[in-house]
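First residue of the sequence shown: 32, per our numbering; consecutive thereafter.
All C-beta atoms in this analysis are idealised placements derived from N, C-alpha and C, irrespective of residue type, glycine included.
Worksheet: one structure, shown below.
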Amino acid sequence: NESVVESVLDRSLPLDTPQWKKVEQLLTYLTEFAPGYKITELTDAICCFADDQTKRGFVLGQTELLEELARRAA
32 NESVVESVLD
42 RSLPLDTPQW
52 KKVEQLLTYL
62 TEFAPGYKIT
72 ELTDAICCFA
82 DDQTKRGFVL
92 GQTELLEELA
102 RRAA
């Protein structure tokens, strides 16, 4: 089930957006001041947080959809 959610999200969430470009710019800027391993740790932590939040949103959306379908069927 989790791998299905991950594959749907990977196909549906493009990284070529203005928001992502800003993230890339900021990370590039930070590399001038912080060691590479710290940038990697920061990037990993941000990605894990965003991934978790996206999965939660997807699951909540599916739950709401099922509740709405059950309500309509009743």
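At what residue ranges does the region 66 to 90 contain a whole run of the alpha helix (DSSP H), taking only runs of 4 or more? Listed in chain order, the alpha helix (DSSP H) runs fully inside the region 66 to 90 amount to none, counting runs of at least 4 residues.
Pick from 103, 99 and 89: whose alpha carbon is nearest that of residue 38? Here residue 38 refers to the residue found at position 7 when the sequence shown is read from its first residue. The closest CA to that of residue 38, considering only 103, 99 and 89, is found on 89.
Distance, residue 93 Cα to residue 86 Cα: The residue given as residue 86 occupies position 55 in the sequence shown. The residue given as residue 93 occupies position 62 in the sequence shown. In a straight line, the C-alpha of residue 86 is about 11 Å away from that of residue 93.
DSSP state of residue 59, grouped into three classes? Here residue 59 corresponds to residue number 28 of the sequence shown, with the count starting at 1. Three-state result, residue 59: helix.
Report yes if the CB atom of residue 75 is closer than 9 Å to the CB atom of residue 40, and no otherwise. Mapped onto the sequence shown, residue 75 falls at position 44. Mapped onto the sequence shown, residue 40 falls at position 9. Contact flag unset, no.
Output needed for residue 58: all residues of its chain with C-beta closer than 7 Å, excluding positions within five of it in sequence on either side, in chain order. Start at 1 with the first residue of the sequence shown, and residue 58 comes out as number 27. The residues are 70 and 74.
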